[in-house]
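Trainee: This structure is in structure tokens; I'll ask about it shortly.
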Amino acid sequence: MQGLVRRSLTAAIATLAVTWPLAAIAQSTPTTLRAVMHSDLKVIDPIWVSAQIARTHGYLVYDTLFALDADMKAQPQMVDSYKVSDDKLTYTFVLRDGLQWHDGRPVLAADCVQSIKRWAERDGVGQRLMQATKDLEAVDDKTFRLTLKEPYGFVIESFAKPGSTAPFMMPKRIADTPGTQQIRDATGSGPFIFKADEWKPGEKVVYVKNPNYKPRAEPPSGLAGGKVPKIDRIEWLVMPDVQTAVNALQNNEIDVIEALPPDLLPMLQANKSIVYQRGKYPGQYTFRLNWLHPPFDNPKIREAAGYAIDQKPFLDAQVGDEKFYQVCKAYFICGTPLATTEGMDGRLEGNVAKARELLKAAGYDGTPVVLMRTTDLAALVNLAPVAKAQLEKAGFKVDMQSADWQTTVSRTNKRDAPANGGWNLFLTSWGALDSSNPIVSQNLNASCEKATPGWPCDKKLEELRDQFARAPDLEQQKKIATEIQVRAATLGTHYPLGEWYGMMVHRTNSKGWLPPMSAMLFWNAEKTGP
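For what it's worth, my numbering labels the leading residue of the sequence shown as 882, then goes sequentially.
What follows is the structure, given as structure tokens:
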């Protein structure tokens, strides 16, 4: 008996000797990817705020019903199948099998219905879709139905919308939160899980791989297809100084920088351990005016600003290298089907004489313009000083107030007077996918109190956007889009400041990176070395 025990023990030890090291190796080598993003994450609700960093956070943590592929075509994502009735009024959607929230509960149709409603409270595209909707209801656990009042051509495109406020799906218990109130629980169904217990604003944000995520079978393409999480842990480390981040990348202290200013690229080109990737589509710098308070409650004064500013100095100051920018007056991105310069003669060229003429006719009395400047976002930091100089040259009195990006974004949501913490002007950047047509462009939402910050209010512009959504072909869409651009430039909803291409840089110890779309994409990427 003792011999049998001894032989069994010896065998067990031998087995452990073989298997334990393998298990230990498997458990000791989780991959951690360290990234420096363009901004710190301080708001985790990607519906409440439209900041790009919140959207990138959203694509890690949440999923969407549909998504745009690399060719900007809408593809099913959480949806398995859908059908449209012959009269084009009823859309029935069936969810994929196996979808579950990070807390282990199944994704239900009722979750999606409430998520759509919450998103539509905040987003102009969602608002327009709901205006055309008669009913939105769950049919069973996996099926929901949208019934329209009349045919509407942008149903699927609305659910695939990638920019500004994307329609991320959340559990109903969270999506029940009013759109005017921030959520504090980041439970999603996406490929990565947000580690709230490790989140330290100003220091780091942590995500871990979702072991229960079920990717689609298709290859990844843009924001669509199979989102395969291959990295065990992602850390966003906060380094406001870009030079510090570059040094960290060279020293192998971090693995990737989301947005590298072009003037720093020569420092890295000789390093064979570092590669860069230009964004697939450009960003568009924009100049946003607040219609609620003087002086920009006066349309002539808004128009004066459009004549006062000149695109090229903004691009030279912020980008510098002409290989990474282009002057472009088109509201709908140069090179795309809707691009036009109609209505832009004399605008965005520093036409000081015309600006002064309009200011005089409008009776501008020297009311100070509160211009917000972002201090910690390298991709925007040089824009506001250029705007200040150009506006002052035309006769505006400018009060430039500096703050970090998240504070600036939060402030843009305030409708208070500038003297009470509000604002008059801010400058930002939108991706091409955010500006490619009048429906997705948040800047062209002119629905008054339901519009995005700046709150343009113009019934005719909204009617034109409705016409665009119902246009039967591209020729009609182009005609309406041109009319929209002319009206928007005259009214001063916003002004484009030119286009630029971002650069992501990473060490060669990671691979599989997909070209950034409206967000940096972490799925499919993998870390292959220390």
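All C-beta atoms in this analysis are idealised placements derived from N, C-alpha and C, irrespective of residue type, glycine included.
1) For F1040, which of Y1206, D944 and D1257 has the nearest alpha-carbon?
2) Taking the alpha carbon of Q1158 as the reference point, which residue from M1398, A1259, P1059 and Q1062 has its own alpha carbon closest?
3) Measure the C-alpha to C-alpha separation of H983 and P1092 and round it to an integer number of angstroms.
4) Report buried or exposed for A1300, applying the criterion of at least 16 other Cβ atoms within 10 angstroms of its Cβ.
5) Who are the Cβ neighbours of L989 in its own chain at under 6 Å, not counting the five residues just before and after it?
6) Can you check whether the CB of V1262 is closer than 8 Å to the CB of N1305?
7) Starting from the C-beta of D1339, find all residues in its chain whose C-beta is less than 7 Å away, skip the five residues before and the five after it, and write them out in chain order.
8) Note down, one range per segment and in chain order, each beta strand (DSSP E) of at least 3 residues found wholly within the region 1103-1141.
9) I need the DSSP call for L1029, collapsed to helix, strand or coil.
10) Leaving aside the five residues before and after E1084 along the sequence, list all residues of the same chain whose C-beta is less than 7 Å from its C-beta, in chain order.
11) Would you kindly check if the distance between the Cβ of A1260 and the Cβ of A1400 is under 8 Å?
12) Taking its Cβ as the centre, do 16 or more other Cβ atoms sit within 10 Å of Q1287, making it buried, or is it exposed?
13) By a C-beta neighbour count over all protein chains shown, 10 Å radius and 16 as the cutoff for buried, is S1391 buried or exposed?
14) Quick check: what's the CA-CA separation for N1132 versus S1154?
15) Do you know how far the Cα of L1017 is from the Cα of R1009?
16) Measure the CB-CB distance between F1049 and G939 and report whether it falls below 8 Å.
17) Does the distance from the C-beta atom of G1044 to that of G1312 stay below 8 Å?
18) What residue from G1227, V1367, W1381 and A1211 has the CA that sits closest to G1160's CA?
19) So if DSSP puts R915 in a beta bridge, which residue, or which two residues, is it bridged to?
20) Looking only at its own chain, which residues have a Cβ that is under 6 Å from the Cβ of F1277, when we skip the five neighbours before and after it?
21) Helix, strand or coil, according to DSSP, for I894 in the structure here?
22) Closer than 8 Å is the cut-off here; do at least three beta carbon pairs connect the region 915-925 with the region 1029-1039?
23) Roughly how many angstroms separate the alpha carbons of A895 and P1052, rounded to a whole number?
24) Where does P1377 land, buried or exposed, given buried means 16+ other C-beta within 10 angstroms?
25) Kindly give me the distance between the Cβ atoms of A1352 and I1365, rounded to whole angstroms, as I take these residues to be in contact under 8 Å.
26) What is the residue span of the alpha helix (DSSP H) that F1195 lies within?
27) Grab the span of the alpha helix (DSSP H) containing M1011 for me, first residue to last.
28) Assuming T910 and K1408 make a contact with CB atoms under 8 Å, what is their CB distance in whole Å?
29) What are the uninterrupted segments assigned as alpha helix (DSSP H) that are 4 or more residues long and contained completely in the region 1305-1336, given in chain order?
30) With a Cβ-Cβ cutoff of 8 Å, do R1003 and I928 count as a contact?
31) Below 8 Å between beta carbons: does that hold for A1067 and A1056?
32) Can you tell me whether S1317 is buried or exposed, with buried defined as 16 or more other CB within 10 angstroms of its CB?
33) Can you tell me which of the three DSSP states C1209 falls into?
34) Quick check: the Cα distance between D961 and V975, rounded to an integer number of angstroms?
35) Can you tell me which residues form a DSSP beta bridge with R1346?
36) Using beta-carbon positions only, say whether A1186 and L1272 come within less than 8 Å of one another.
Mentor: Per the coordinate set shown:
1) Position 159 of the sequence shown holds residue 1040. Minimum Cα distance to F1040 is reached at D944.
2) Residue numbering aside, residue 1158 sits at position 277 when the sequence shown is read from its first letter. Looking at the Cα atoms, M1398 is the closest of the given residues.
3) Here the question's residue 983 lines up with position 102 in the sequence shown. Here the question's residue 1092 lines up with position 211 in the sequence shown. One C-alpha to the other measures close to 9 Å.
4) Position 419 of the sequence shown, counted from the start, is the residue given in the question as residue 1300. With a threshold of 16 other beta carbon atoms within 10 Å, A1300 falls short and is exposed.
5) Taking the sequence shown and counting its residues from 1, the one referred to as residue 989 is at position 108. Cβ within range, chain order: D1022.
6) Position 424 of the sequence shown holds residue 1305. Position 381 of the sequence shown holds residue 1262. Remark: C-beta atoms of N1305 and V1262 do not approach each other more closely than 8 Å.
7) The residue given as residue 1339 occupies position 458 in the sequence shown. Only A1327 and L1372 meet the Cβ criterion.
8) You should have 1114-1118.
9) Within the sequence shown, numbered from 1, the residue matching residue 1029 stands at position 148. Three-state DSSP puts L1029 in a strand.
10) Working through the sequence shown from its first residue, we reach residue 1084 at position 203. Excluding residues within five positions, the ones whose Cβ falls inside 7 Å are V1119.
11) The residue labelled residue 1400 in the question sits at position 519 within the sequence shown. The residue labelled residue 1260 in the question sits at position 379 within the sequence shown. At the C-beta level, A1400 and A1260 stay beyond 8 Å of one another.
12) Sequence index remark: in the sequence shown, residue 1287 carries index 406 (1-based). Buried, by the Cβ-count rule.
13) Stepping through the sequence shown from its first residue, residue 1391 is reached at position 510. In summary, S1391 is buried, with 16 or more beta-carbon neighbours lying within 10 Å of its beta-carbon over all protein chains present.
14) Stepping through the sequence shown from its first residue, residue 1132 is reached at position 251. Stepping through the sequence shown from its first residue, residue 1154 is reached at position 273. Roughly 10 Å separates the two Cα atoms.
15) Within the sequence shown, numbered from 1, the residue matching residue 1009 stands at position 128. Within the sequence shown, numbered from 1, the residue matching residue 1017 stands at position 136. Approximately 14 Å between the Cα atoms of the pair.
16) In the sequence shown, residue 1049 corresponds to position 168, counting from 1. In the sequence shown, residue 939 corresponds to position 58, counting from 1. Contact annotation: F1049 and G939 have beta-carbon atoms nearer than 8 Å.
17) For this step, residue 1044 is matched to residue 163 along the sequence shown. For this step, residue 1312 is matched to residue 431 along the sequence shown. If you check the CB distance, G1044 and G1312 come in under 8 Å.
18) On the sequence shown, residue 1160 is found 279 positions in, with the first residue counted as 1. Ranking G1227, V1367, W1381 and A1211 by Cα distance to G1160 puts W1381 first.
19) Taking the sequence shown and counting its residues from 1, the one referred to as residue 915 is at position 34. DSSP, once it has assigned bridges, lists E1116 as partnering R915.
20) For the purposes of this step, residue 1277 is identified with residue 396 of the sequence shown, where counting begins at 1. Residues of the same chain with a CB within less than 6 Å of the CB of F1277, apart from the 5 flanking positions on each side, are V1250 in chain order.
21) What you label residue 894 is simply residue 13 of the sequence shown in a count that begins at 1. The pLDDT assigned to I894 is 38, lower than 50, so where the model puts this residue is not dependable; a value taken from the coordinates is nonetheless given after this. Secondary structure of I894 (DSSP, three-state): helix.
22) Touching, no.
23) In the sequence shown, counting from the first residue as 1, residue 895 sits at position 14. In the sequence shown, counting from the first residue as 1, residue 1052 sits at position 171. Any reading at A895 must be qualified, since the residue scores a pLDDT of 41, below 50, and its modelled position is unreliable; the value itself is stated next. Those two C-alpha atoms are separated by around 49 Å.
24) Position 496 of the sequence shown holds residue 1377. Its Cβ being crowded by 16 or more others within 10 Å, P1377 is buried.
25) The residue you call residue 1352 lines up with position 471 of the sequence shown. The residue you call residue 1365 lines up with position 484 of the sequence shown. Not quite, the Cβ-Cβ distance comes to about 11 Å (not below 8 Å), so this is no contact.
26) Here residue 1195 refers to the residue found at position 314 when the sequence shown is read from its first residue. Q1192 to Q1199 is the span of the alpha helix (DSSP H), which, as asked, contains F1195.
27) For the purposes of this step, residue 1011 is taken as the residue at position 130 of the sequence shown. Taken as a continuous stretch (DSSP letters only), the alpha helix (DSSP H) holding M1011 covers G1005 to Q1012.
28) As a position in the sequence shown, residue 910 is number 29, starting the count at 1. As a position in the sequence shown, residue 1408 is number 527, starting the count at 1. Wrong, their Cβ atoms sit about 10 Å apart, outside the cutoff.
29) You should have 1313-1316.
30) Here residue 1003 refers to the residue found at position 122 when the sequence shown is read from its first residue. Here residue 928 refers to the residue found at position 47 when the sequence shown is read from its first residue. With contacts defined as CB atoms closer than 8 Å, R1003 and I928 qualify as a contacting pair.
31) Translated into the one-based positions of the sequence shown, residue 1067 becomes position 186. Translated into the one-based positions of the sequence shown, residue 1056 becomes position 175. The Cβ-Cβ distance between A1067 and A1056 does not fall below 8 Å.
32) Taking the first residue of the sequence shown as 1, we reach residue 1317 at position 436. Answer is buried; the Cβ neighbour count reaches 16.
33) By one-based count along the sequence shown, residue 1209 stands at place 328. Three-state DSSP puts C1209 in coil, outside helix and strand.
34) In the sequence shown, the residue the question calls residue 961 occupies position 80. In the sequence shown, the residue the question calls residue 975 occupies position 94. Approximately 6 Å between the Cα atoms of the pair.
35) Here residue 1346 corresponds to residue number 465 of the sequence shown, with the count starting at 1. None; R1346 has no bridge partner.
36) Counting from 1 along the sequence shown, the entry for residue 1186 is found at position 305. Counting from 1 along the sequence shown, the entry for residue 1272 is found at position 391. Yes, they are a contact pair.
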